[in-house]
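Input: a single structure, listed below in structure tokens.
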Amino acid sequence: MRLDSHNFSPTILGKILRAAARSTSFDDAAESLADEAEVDISGRQVGRIAHEVGEQLQQNRDRRVDEFQNQQATPEAPVVPRLAVVYVDGGRLHTRSEEPGKGPGVHNAAWREDKVANLVTMNTETHDADPHADLPECFTKKKEVVELVQGIAGQGSLADVVEGCDKDPPALTVCVPAEEDAGPIGERNATTGAIENKPKPSWPPEPLVRTCQATLESSDEFGPMVAAEAHRRNFFAAQLRAFLGDGSSWIWTLLRTYFPTFEPIVDFVHVLTYVYLAAKAVGGSATVVWNRYLDWATACWQGRVATVLEELRAIHEAMPLPENPKELKPTDPYEVIRLTIGYLTNNEARMDYPRYRRAGLPTCSGLVESLVKQFNRRVKGTEKFWNPSQAETILQLRAAFLCDDERLTKHMKTRPISAYRTYKTTRKRKAG
Amino acid sequence: MPFTKGQPEDLSNLRDMAYGWGKIVSRRAFGDEGPGLDIDFDSIETLAVDIGQAVIKGAIEETLKTQLKILGDCQPCPQCGRACPLDTESRTIQVRGGTIEYAEPLCHCPACRRDFFPSAPELAARLAQLLADDPW
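Chains R and H, in that order, give the protein sequences.
Using our numbering, the first residue of the first sequence is number 29, and each one after it goes up by one.
Using our numbering, the first residue of the second sequence is number -1, and each one after it goes up by one.
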């Protein structure tokens, strides 16, 4: 019958879970269920069901990881992907202490990093020559670049470099070639006036199917989770394999341990952010700064990172040494340039963008940046402080909901339902 | 998920029949002359949904009752395989379009001191294995 201890039919239970995963809170989910599905349920009960199923999903994930680590897992995807890309990034959420005896309310509030992986199969073509040698137009428009820089630099290691912003950072745009800006539908022919379909651009690669993994666990735990999922989807047999990240060291450790055959690529938007901040830190009029940014960004796009590094090192050496180098503010020009040199030096080997484009690989990690935002929409908020164990289960539920392979629906159809009655009847029997 | 298994392949006859019931309901509710012009769409829709929910409730409850009869008087315990008398327990379940009353089959194994539901397909598979290993 596939009925569990909750008094809802399997279809209604599916609606409750999707609402819990989609809405910003359990109360919101209960409200939308009452309004749209005419299901009478409290926010607390939505939460109970969501955590219960999230825990089941977590157990499934852990079982798959165990199978992978014991070399008992077999790929489930029948087709070998043309291009398999693993994107990895981190978000942040608020947690609170789970220690008993502290009473209701938030105790020991803290920020924790949730790690997110986006595993995407893609359709792509390889090229003899660079299919997009020029810097995309979206990176040459001042307003868009400033918004991108604020979006990126507001998080992670660059958080202190830009001035604080009250508003949420704008959503990242995925790197789009300049030719596409005229519109995807087509152009009007000058002589006939007819709309002509433009040929589909051969780069960047076209995303096909995505699945994701998310956890609050450490990167040591996260690595096998991502690798198990990649193995399940037959990523290791793909003709082309790429691994994109923002340049954080844990990401490359994960790559070296679990994805050594994947091409490591550092997200170009992060490179661009560092380059922009460095160009600004060197100083000069707005035009000079902008032109310097354009030169450096173009050089990085075209694989001439060494040139940029050479210029930056020369500038840095020419700068007067600060009196207390250890007490420098992150916004200090000397420090910004030092950070940029460090970032570019550490990631230079992963910035061969012309070769990646010729091979038909992506160069921007916008797909995982936007996925992190999709997770944040559910788990992050000024009023949300999660017990770490519950944050983990809600991340599993949200991940299953966001996967293209209908993971949540499949789980609900195949999950084991206990044949045994719980305490309720036993109590009744004892009482009566 | 309900109505995915064991349903008649062609539901058009049943749909036609239910459509006919809708017409009958309309006649019973508003008479052969139909509703006056003072009855707005919302009222008509509310009545139709209410009746539709009654059909849902009736269809599901009747199907479940029929299924219950198939189970017989006793069912083997999934743990020890002992035949246990079948009882029912009333449960209210929210389904699409309302709530239904379900007399859920329930057994109690005195040896294992546990209650169990004898309906899940996994249970049947486990039982088959259990019986093959050690028929009681």
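All residues carry an ideal CB built from backbone N, CA and C; glycine is no exception.
Being a predicted model, the structure only gives us computed values, none of them experimental.
Quick check: is the beta carbon of residue i nearer than 8 Å to any beta carbon in chain R?
i                : result
GLN92 (chain H)  : yes
ARG186 (chain H) : Because chain H here runs from -1 to 134, residue 186 (chain H) falls outside it and cannot be looked at.
ALA46 (chain H)  : no
THR86 (chain H)  : no
Spatial neighbours of residue i within its chain, please: CB distance less than 7 Å, with the 5 preceding and 5 following residues excluded, ordered by chain position.
i                : result
THR61 (chain H)  : none
ARG135 (chain H) : Because chain H is modelled from -1 through 134, residue 135 (chain H) falls outside the range shown and cannot be assessed.
ALA306 (chain R) : LEU340, VAL364, ILE365 and THR368
LYS55 (chain H)  : GLY96 and ILE98
PHE290 (chain R) : VAL114, ARG269, ALA270, PHE271 and LEU283
LEU85 (chain R)  : GLN424, LEU425, ALA428 and HIS439
GLY42 (chain R)  : THR437 and MET440
So who's on the other strand from residue i, going by DSSP bridges?
i                : result
ALA101 (chain H) : H:SER88
PRO138 (chain H) : What is shown of chain H runs -1 to 134, which leaves residue 138 (chain H) out entirely.
LYS143 (chain R) : R:GLY118 and R:THR243
ILE293 (chain R) : R:LEU272
MET29 (chain R)  : Bridge partners of MET29 (chain R): none, in fact.
PRO235 (chain R) : R:MET150
ASP113 (chain H) : H:HIS106
GLY96 (chain H)  : H:VAL93
LEU111 (chain R) : R:MET150 and R:LEU268
TRP414 (chain R) : R:THR123
PHE36 (chain R)  : H:GLN92
ALA105 (chain R) : DSSP, once it has assigned bridges, lists no residue as partnering ALA105 (chain R).
ALA138 (chain R) : R:THR123
Could you list which residues in chain H have their beta carbon closer than 8 Å to that of residue i, in chain order?
i                : result
ILE77 (chain R)  : Result: empty, since nearest Cβ-Cβ is about 12 Å, beyond 8 Å.
ILE180 (chain R) : Those do not exist, as ILE180 (chain R) stays about 43 Å from chain H at its closest Cβ, beyond 8 Å.
VAL67 (chain R)  : GLN92
LEU45 (chain R)  : Under the 8 Å cutoff, chain H gives no residues; its nearest Cβ is about 13 Å from LEU45 (chain R).
So, at 6 Å on beta carbons, what are the nonlocal neighbours of residue i in its own chain, with the 5 sequence-adjacent residues on each side left out?
i                : result
ALA57 (chain R)  : ALA47, ALA48, SER51 and VAL74
VAL396 (chain R) : TYR115, ASP117 and ASN146
HIS79 (chain R)  : GLN418 and THR421
PHE104 (chain R) : Reading off the sequence, residue 104 (chain R) comes out as Glu, not Phe. Contacts found: ARG260.
GLY331 (chain R) : ASP380, TYR381 and PRO382
TRP19 (chain H)  : none
GLU153 (chain R) : SER230 and GLY388
Can you name the residues of chain H whose CB is closer than 7 Å to the CB of residue i?
i               : result
ASN35 (chain R) : ARG89, THR90, ILE91 and GLN92
Counting only beta-carbon atoms, is residue i nearer than 8 Å to chain H?
i                : result
VAL174 (chain R) : no
THR39 (chain R)  : yes
LEU61 (chain R)  : no
LEU31 (chain R)  : yes
GLU207 (chain R) : Confidence at GLU207 (chain R) is low in this model, with a pLDDT of 44, below 50, so its placement is unreliable and the value that follows should be read with caution. Cβ-Cβ to chain H under 8 Å: no for GLU207 (chain R).
Here's a check: name, in chain order, each residue in its chain whose Cβ is nearer than 8 Å to the Cβ of residue i, leaving out the five neighbours to either side.
i                : result
PRO16 (chain R)  : Residue 16 (chain R) is absent from the structure shown; chain R starts at 29 and stops at 460.
ARG124 (chain R) : VAL134, HIS135, ASN136, ALA137, ALA138, PHE413, TRP414 and ASN415
LEU423 (chain R) : GLY82, ASP142, ALA242, THR243, LEU244, PHE403 and VAL407
CYS431 (chain R) : ARG238, THR239 and CYS240
List, in chain order, every chain H residue whose beta-carbon is nearer than 9 Å to that of residue i.
i                : result
LEU436 (chain R) : Those within 9 Å of LEU436 (chain R) in chain H number zero; the least Cβ separation is about 13 Å.
_Below 8 Å, how does it come out for the stretch 101 to 112 of chain R and the stretch 130 to 139 of chain R: are there three or more Cβ pairs, yes or no?_
Counting C-beta pairs with one atom in each stretch, the stretch 101 to 112 of chain R and the stretch 130 to 139 of chain R have fewer than three that are closer than 8 Å, which means they do not touch.
Using 8 Å as the cut-off, can you tell me whether the stretch 352 to 362 of chain R makes contact with the stretch 376 to 386 of chain R, which would need three or more C-beta pairs spanning the two stretches below that distance? Short answer: they don't touch.
#### Entry: the stretch 33 to 44 of chain R in contact with the stretch 81 to 94 of chain H per 3-pair CB rule at 8 Å
A contact exists between the stretch 33 to 44 of chain R and the stretch 81 to 94 of chain H.
> How about the stretch 317 to 332 of chain R and the stretch 264 to 276 of chain R: do they share at least three Cβ pairs that are nearer than 8 Å?
Replying inline: Short answer: they don't touch.
The stretch 42 to 53 of chain H touching the stretch 19 to 30 of chain H, judged by at least three CB pairs closer than 8 Å: Counting Cβ pairs under 8 Å, three or more are found: they touch.
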